[in-house]
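Residues are numbered in the working numbering as their position in the sequence shown, beginning at 1, plus a constant of 2.
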Amino acid sequence: LAVINVLHTSCTLTINENADPRVLADLTAYLRALVPQEGSRSLSGQGPLRPYVHDDEGPDDMPAHIRTALTCTSLSLSFHQRRLVLGTWQAVYLWEHRAHPHRRRIGLHLLGAPVGAA
Numbered sequence: 003l004a005v006i007n008v009l010h011t012s013c014t015l016t017i018n019e020n021a022d023p024r025v026l027a028d029l030t031a032y033l034r035a036l037v038p039q040e041g042s043r044s045l046s047g048q049g050p051l052r053p054y055v056h057d058d059e060g061p062d063d064m065p066a067h068i069r070t071a072l073t074c075t076s077l078s079l080s081f082h083q084r085r086l087v088l089g090t091w092q093a094v095y096l097w098e099h100r101a102h103p104h105r106r107r108i109g110l111h112l113l114g115a116p117v118g119a120a
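Printed below as a string of structure tokens:
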């Protein structure tokens, strides 16, 4: 078993379809519509946008934090005979929530019997 986690607060990890890149494009568009860069609305979706207060690293920073809070920063992945166990159309993605790519680090923790153990 491998537990991986992203060591940042504005990107996440996801397992999703790898056959069609439009899937990730659609997911990104949905999440950007749910958490607009310009600010937030009330839960009813009515009323004016309220600008985000936290913008220390730029206007894309707070929306990225919210998108991260709504998604996953870690995954538990199974291995069998040294191979990652995923479905036919699945892949692991690091999902950037900032407007531009940033250098990212992930942590990895491995659990289980050593290779060759009886």
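Ideal placement from N, C-alpha and C gives every residue a C-beta, glycine not left out.
Note that the structure is predicted; figures quoted are calculated from it, not measured.
Just tell me which of the options has its CA closest to the CA of residue i.
i, options, result
"T11", "L96, L112, G49, H111", "L96"
"T70", "L29, R105, H99, S80", "H99"
"T14", "L113, G114, P103, A115", "P103"
"P38", "G49, T75, P65", "P65"
"E19", "G109, L88, F81", "L88"
"G60", "A101, P116, S80", "A101"
Taking the C-alpha atoms as reference points, what is the distance between residue i and residue j?
i, j, result
"I17", "T90", "12 Å"
"R43", "Q92", "34 Å"
"L26", "P50", "29 Å"
"H67", "R85", "33 Å"
"D28", "D58", "28 Å"
"A31", "L45", "19 Å"
I'd like the span of the alpha helix (DSSP H) that includes residue i, first residue to last.
i, result
"Y95", "It is not in any alpha helix (DSSP H) - Y95 instead sits in the beta strand (DSSP E) that spans 92-98."
"L67", "It should be noted that the sequence gives His, not Leu, for residue 67. Per DSSP, H67 belongs to the alpha helix (DSSP H) from 63-71."
"L33", "24-36"
Taking C-beta to C-beta, are residue i and residue j nearer than 8 Å?
i, j, result
"Y56", "D62", "Note on residue identity: the sequence assigns His, not Tyr, to residue 56. Result no, Cβ atoms of H56 and D62 do not sit closer than 8 Å."
"R107", "L9", "yes"
"P23", "G41", "no"
Only counting the same chain, and skipping five residues up and downstream in sequence, which positions put a Cβ closer than 6 Å to that of residue i?
i, result
"V5", "S78, H111"
"G114", "L3"
"V94", "I17"
"S76", "N7"
"F81", "none"
Tell me the residue span of the beta strand (DSSP E) that contains residue i.
i, result
"C74", "Element bounds for C74: n/a, residue is neither H nor E."
"H111", "108-112"
"A101", "Note, A101: premise wrong, no beta strand (DSSP E); not H, not E."
"L15", "13-19"
Considering only residues of the same chain and omitting the five flanking positions on each side of residue i, which have a CB-CB separation below 8 Å?
i, result
"C74", "T14, L15, T16"
"L72", "L33, L36, V37"
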